[in-house]
Amino acid sequence: MKRLLKIAAVLIGLAPAAASAQQWGAVCIGPGGAWGYAHSYGSESGAYNRALQESQYDCEEVRTFFNTCAAMAVASNGGWGWSTGNSRGQAEAGAMSYCRQYGSGCQVRVWACSG
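So for the sequence shown, the working numbering puts the first residue at 387; every next one is plus one.
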């Protein structure tokens, strides 16, 4: 009986970790300054759809991510870049780096972290 209680305690302790393991997010951008984001969703499609909804469905580029951070940067000529990272700062730095390959005057438009 004691062994069964120990097993139950271990399984209960693992439940929150399992629940937090499914942390999808999404970031999106669109013309005219449109942007949206979602974080902490249990499914990729849920995060994707929420980011679109946040932008009032004006986003044309949507990127999903899992248990990390992501950012999208946009250049003055419309070029853009996106990246993931272990922190907001890493994701933003990566997005800016990719954005600069396609234009100048890059600015982070949206970021989010999940997980």
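Glycine residues also receive a C-beta, built at the ideal position from the N, C-alpha and C atoms.
By the beta-carbon neighbour count (other beta carbons within 10 angstroms, threshold 16), Ser473 is exposed.
Taking a contact to require three or more Cβ pairs closer than 8 Å, the segment 485-495 and the segment 460-468 qualify as touching. According to the DSSP assignment, Cys492 belongs to no alpha helix (DSSP H), since it is labelled neither H nor E. Comparing alpha-carbon positions, the option among Cys455, Thr470, Glu478, Ile415 lying closest to Ala437 turns out to be Ile415. For Tyr434, the uninterrupted alpha helix (DSSP H) segment begins and ends at 430-440.
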